[in-house]
Amino acid sequence: MMKRWTIVVAMAALAAPAVAEPARYVDVTEAAGLRFTHNNGAFGQKWLPETIGPGVVIFDANGDGRSDVLFVNGRSFPGKPGEATTHKLFLNSGGMKFEDRTAGSGLDVSAYCLGGAAADLDNDGDEDVYLSCLGQDLLFRNDGGRFTDVSRQAGLTADYEFGASAVLFDADRDGLLDVYATRYVKWTPENDAFCSIDGKVKAYCTPQTYPGVPSRFYRNQGGLRFEERTKEAGLYQPGAKSMGVAMLDVDSDGWTDLAVANDMTPNFLFRNKGQGVFEEVGLTSGMAVSETGRARGGMGIDAGDFDRSGRPSLVVGYFANEMSGLYRNDGEQTFTDVAPLMPFGRSTLLYVAWATFFFDYDLDGWLDLLVANGHLDQEWEKVATRVSFAQPQQLFRNQGNGSLVEAAGADAGDLAKPLVARGAAYADFDGDGDLDIVVAANGGPARLYENRGPHGRWLRLGFVGVESNRDGIGARIEVTVKGAVQTWLVHTGGSYLSQPQVEATFGLGDAAAADKVVIRWPSGAVQTLTNVKADQRIEVREKDDQ
């Protein structure tokens, strides 16, 4: 039966080709007013947390329908020189312009945090914010664009922990979003170790220096109250050194699974057996270690159907000389790392990869890929050939057959300019249909890149859950264009310490409409839309009838 959908914004069709030309990303940071410089707290002693952040969270902070930007910040360490800096909230004014609205927002708190995610955790229509931190994680309730710290009342642990990334997802499909927050290693100022590249000068230690720790899972009890249930959910892994986490439905059974990138310990694939109880199947799936059985330095991770198989594959950013991993989903919960078989793998070999995500930058209907790079320490330039501290961001175009080839040099525009990148995310900030990119740099200024390249036609979908969680997180979307099917899971998190625009953007190439759109909600409800015209954003409300 046909279902009803509400057209929120309809835009004129863009006279664009079906995209064979390269993208042109232009740095518009200063003109946009998006001025943020990360404070990693460095004071000359090379403490491990200084190398990790920051992340960036894209969400609608004030409910005006535009994508706003939250930069997750560090601060000076207690008793050490430096500033008591805060996180930074920039509201989107439209037309690629932003206003710094941090002061008085409630997010203007000084805490050493690394990553974050945002979604409507209490189903009241506002996007709440979760920050993963060094110390206690923070949860902010959103009341119409004004945020209140409810971390203690919500039931978050007050233990001193080394947080990294987070995802907000409905593990048990009860209509309430739960929290999975990764933990890195057991580091404190008191157990900081001396490590060195040359045996003389202190350098940042590798993760092998410190013991691993378990990540945290909080089950949503309603009313912004959470209960820590990591062991009961089957997610307890005490020796892990976890960084990035991505949502996916690996076996298309309607239950959200989790993939976790670990740093020098095997990656995890947590399969949801139903009702929010998981089993770890990373080793048997083929994505836990390299072909030689070695754990690599995993940071960022994302999931996407880049080969149009109908199954989510994975990308993981690794350390230099390890090349990033591209894990093709072969079905039956198994993956093959195809990065060494294509130019993508060789192109990433020399870089330290952090944020990485699938998105369709040219809107041709095939998912492309961004990898954000940057080294740990400038000292490496003195002892290693072909190593640079600041590194280019890499944009990979899908050739239409699942093969990813780098958009070399100037073809990617200002993305090729070196940066000490960490978190990164995408969104259509100016409302022209294509996806722009924001990259957060470690200890330096963030950059905003506007997509000014040629591109195809597009369709953007927003969601309002009724029986499902209000944001429709975990919904599986299938869009058919000229007989070909694209699939997408509505998700938070992914990338590295960051979150992109949650609304789903589909490239339609030169098609004037999508033949069919199928939404499979977490509640089990299914809606089908037909002949959906291109170049518009529509909002779909769960179980609305025609």
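Take the sequence shown: its position 20, counted from the start at 1, is 8 in the numbering used here, and no numbers get skipped. The C-beta atom is built at its ideal place from N, Cα and C for all residues, glycine as well.
1. Roughly how far, in whole angstroms, is the beta-carbon of G264 from the beta-carbon of A228, given that I think they are within contact range, below 8 Å?
2. Per DSSP, which one or two residues make a beta bridge with S543?
3. Using DSSP with H/G/I as helix, E/B as strand and the rest coil, what is G515?
4. Do G104 and A142 have their C-beta atoms within less than 8 Å of each other?
5. What does L77 pair with, by DSSP beta-bridge criteria?
6. Quick test of your reading: G495 and G444, contact by CB under 8 Å. State the CB separation rounded to the nearest angstrom.
7. Can you name the residues that DSSP bridges to K190?
8. Below 8 Å, how does it come out for the stretch 405 to 420 and the stretch 342 to 349: are there three or more Cβ pairs, yes or no?
9. Of all the options L22, K190, L122, which has the alpha carbon lying nearest to the alpha carbon of K85?
10. Taking the alpha carbon of D116 as the point to measure from, which residue in L164, D251, V408, G262 has its own alpha carbon closest?
11. What residue range does the alpha helix (DSSP H) around A20 cover?
12. If distances are taken between C-alpha atoms only, which option among D293, F347, E367, P380 comes closest to T336?
13. Could you work out which residue in T145, F205, D251, S230 is closest to K219 when comparing CA atoms only?
14. Please look up how many angstroms separate the CB atoms of L436 and A30, rounded, as I've assumed it's under 8 Å.
15. With a CB to CB cut of under 7 Å and the five nearest residues on each side skipped, what residues in its chain are close to G270?
16. Any idea which residues DSSP pairs P536 with across the strands?
17. Assuming A72 and S98 form a contact by the criterion Cβ under 8 Å, report the distance between their Cβ atoms to the nearest whole angstrom.
18. Tell me the rounded alpha-carbon separation between A249 and G132.
19. F59 and P42 - do their beta-carbons sit closer together than 8 Å?
20. Would F157 pass as a contact of M235 if the rule is Cβ separation under 8 Å?
21. Using the Cα positions of T280 and L338, report the straight-line distance between them to the nearest angstrom.
22. Report the residue ranges of all alpha helix (DSSP H) runs contained in full by the stretch 337 to 384; include only those spanning at least 4 residues, in chain order.
23. Can you tell me whether K34 is buried or exposed? The criterion is at least 16 other CB atoms within 10 Å of its CB, across all chains shown.
24. Starting from L212 and walking both ways along the alpha helix (DSSP H), at which residues does that stretch end?
25. Is the CB-CB distance between A434 and V44 below 8 Å?
26. By a C-beta neighbour count over all protein chains shown, 10 Å radius and 16 as the cutoff for buried, is E491 buried or exposed?
27. What distance in whole Å lies between the Cβ atoms of F135 and P37, which are believed to be in contact at a cut-off of 8 Å?
28. When you compare each of D245, L77, L407, A152 to H363 by their alpha carbons, which one comes out closest?
29. Could you check what DSSP says for L2 in three-state terms: helix, strand or coil?
30. If I measure Cβ to Cβ from R213 and keep anything under 8 Å in the same chain, skipping five residues before and after, which residues do I get?
31. Would you call Y148 buried or exposed, if buried means 16 or more other Cβ atoms sit within 10 Å of its Cβ?
32. With distance defined between alpha-carbon atoms, name the residue in G481, T145, C193, S483 nearest to C183.
33. Under 8 Å, with one C-beta from each stretch per pair, do the stretch 519 to 532 and the stretch 480 to 488 reach the 3-pair mark?
34. Is the CB-CB distance between I289 and V233 below 8 Å?
35. Since N430 contacts H26 with CB under 8 Å, what's their CB separation in whole angstroms?
36. Determine the DSSP secondary structure at F47, reduced to helix, strand or coil.
To lay it out plainly:
1. Reading the sequence shown from its first residue, position 276 is the one you call residue 264. Reading the sequence shown from its first residue, position 240 is the one you call residue 228. Rounded, the Cβ-Cβ distance is 19 Å, inconsistent with contact.
2. The structure shown has nothing for residue 543, since the chain only spans -11 to 534.
3. What you label residue 515 is simply residue 527 of the sequence shown in a count that begins at 1. The amino acid occupying residue 515 in the given sequence is Gln; Gly does not appear at that position. Reduced to three states, the DSSP call for Q515 is strand.
4. As a position in the sequence shown, residue 104 is number 116, starting the count at 1. As a position in the sequence shown, residue 142 is number 154, starting the count at 1. No.
5. Against the sequence shown, residue 77 aligns to sequence position 89. Per DSSP, the beta-bridge partners of L77 are L58.
6. For the purposes of this step, residue 495 is identified with residue 507 of the sequence shown, where counting begins at 1. For the purposes of this step, residue 444 is identified with residue 456 of the sequence shown, where counting begins at 1. About 5 Å separates the two Cβ atoms, so the contact holds.
7. Within the sequence shown, the letter at position 202 stands for residue 190. According to DSSP, which records beta bridges pairwise, K190 is partnered with S184.
8. Between the stretch 405 to 420 and the stretch 342 to 349, the count of Cβ pairs shorter than 8 Å is three or higher; the stretches touch.
9. Translated into positions along the sequence shown, residue 85 becomes position 97. Comparing Cα-Cα distances from K85 to each of L22, K190, L122, the minimum goes to L22.
10. Within the sequence shown, the letter at position 128 stands for residue 116. Nearest to D116 by alpha-carbon distance, out of L164, D251, V408, G262, is L164.
11. Taking the first residue of the sequence shown as 1, we reach residue 20 at position 32. A20 -> alpha helix (DSSP H) spans 17 to 20.
12. Stepping through the sequence shown from its first residue, residue 336 is reached at position 348. The residue among D293, F347, E367, P380 with its C-alpha nearest the C-alpha of T336 is P380.
13. Stepping through the sequence shown from its first residue, residue 219 is reached at position 231. Taking only the C-alpha atoms, the option nearest K219 is F205.
14. For the purposes of this step, residue 436 is taken as the residue at position 448 of the sequence shown. For the purposes of this step, residue 30 is taken as the residue at position 42 of the sequence shown. About 24 Å separates the CB atoms of L436 and A30; that is not less than 8 Å, and the two are not in contact.
15. Start at 1 with the first residue of the sequence shown, and residue 270 comes out as number 282. So the list reads P254, N255, F256, L257, A276, once near-sequence residues are dropped.
16. Because the chain spans -11 through 534 in this model, residue 536 falls outside it and cannot be assessed.
17. In the sequence shown, residue 72 corresponds to position 84, counting from 1. In the sequence shown, residue 98 corresponds to position 110, counting from 1. Between S98 and A72 the Cβ distance is about 4 Å, and since that is below 8 Å, they are a contact.
18. The residue you call residue 249 lines up with position 261 of the sequence shown. The residue you call residue 132 lines up with position 144 of the sequence shown. Going from the Cα of A249 to the Cα of G132 covers about 34 Å.
19. For the purposes of this step, residue 42 is taken as the residue at position 54 of the sequence shown. For the purposes of this step, residue 59 is taken as the residue at position 71 of the sequence shown. Taking C-beta atoms as the reference points, P42 and F59 count as a pair closer than 8 Å.
20. If you number the sequence shown from 1, residue 157 lands on position 169. If you number the sequence shown from 1, residue 235 lands on position 247. A Cβ-Cβ contact shorter than 8 Å links F157 with M235.
21. Translated into positions along the sequence shown, residue 280 becomes position 292. Translated into positions along the sequence shown, residue 338 becomes position 350. Straight through space, the alpha carbons of L338 and T280 are spaced by roughly 19 Å.
22. Taking only runs of at least 4 residues, the alpha helix (DSSP H) segments lying wholly in the stretch 337 to 384 are 368 to 371.
23. Here the question's residue 34 lines up with position 46 in the sequence shown. Its Cβ being crowded by 16 or more others within 10 Å, K34 is buried.
24. Numbered from 1 along the sequence shown, position 224 holds the residue referred to as residue 212. It is not in any alpha helix (DSSP H) - L212 carries neither H nor E in the DSSP assignment.
25. Taking the sequence shown and counting its residues from 1, one reaches residue 434 at position 446. Taking the sequence shown and counting its residues from 1, one reaches residue 44 at position 56. Yes.
26. Looking up residue 491 in the sequence shown gives position 503. Burial call: buried.
27. Here residue 37 is taken as the residue at index 49 of the sequence shown, counted from 1. Here residue 135 is taken as the residue at index 147 of the sequence shown, counted from 1. Wrong, their Cβ atoms sit about 24 Å apart, outside the cutoff.
28. Along the sequence shown, one-based indexing puts residue 363 at 375. Closest option to H363, Cα to Cα, is L407.
29. Translated into the one-based positions of the sequence shown, residue 2 becomes position 14. Caution is warranted here: a pLDDT of 31 is assigned to L2, below 50, making its placement in the model unreliable, and the coordinate value is therefore given only provisionally. Taken through DSSP and simplified to helix, strand or coil, L2 comes out as coil.
30. One-based indexing of the sequence shown puts residue 213 at position 225. Same-chain partners within the cutoff: Q141, A142, G143.
31. For the purposes of this step, residue 148 is taken as residue 160 along the sequence shown, with counting starting at 1. Exposed is the call here.
32. What you label residue 183 is simply residue 195 of the sequence shown in a count that begins at 1. Of the listed residues, the one whose Cα sits closest to C183 is C193.
33. Counting Cβ pairs under 8 Å, fewer than three are found: no touch.
34. Sequence index remark: in the sequence shown, residue 289 carries index 301 (1-based). Sequence index remark: in the sequence shown, residue 233 carries index 245 (1-based). Yes, they are a contact pair.
35. Position 442 of the sequence shown, counted from the first residue, corresponds to residue 430. Position 38 of the sequence shown, counted from the first residue, corresponds to residue 26. The beta-carbon distance between N430 and H26, rounded to whole angstroms, is 6 Å. This is short enough to meet the 8 Å contact definition.
36. For the purposes of this step, residue 47 is taken as residue 59 along the sequence shown, with counting starting at 1. Here F47 sits in strand by DSSP.
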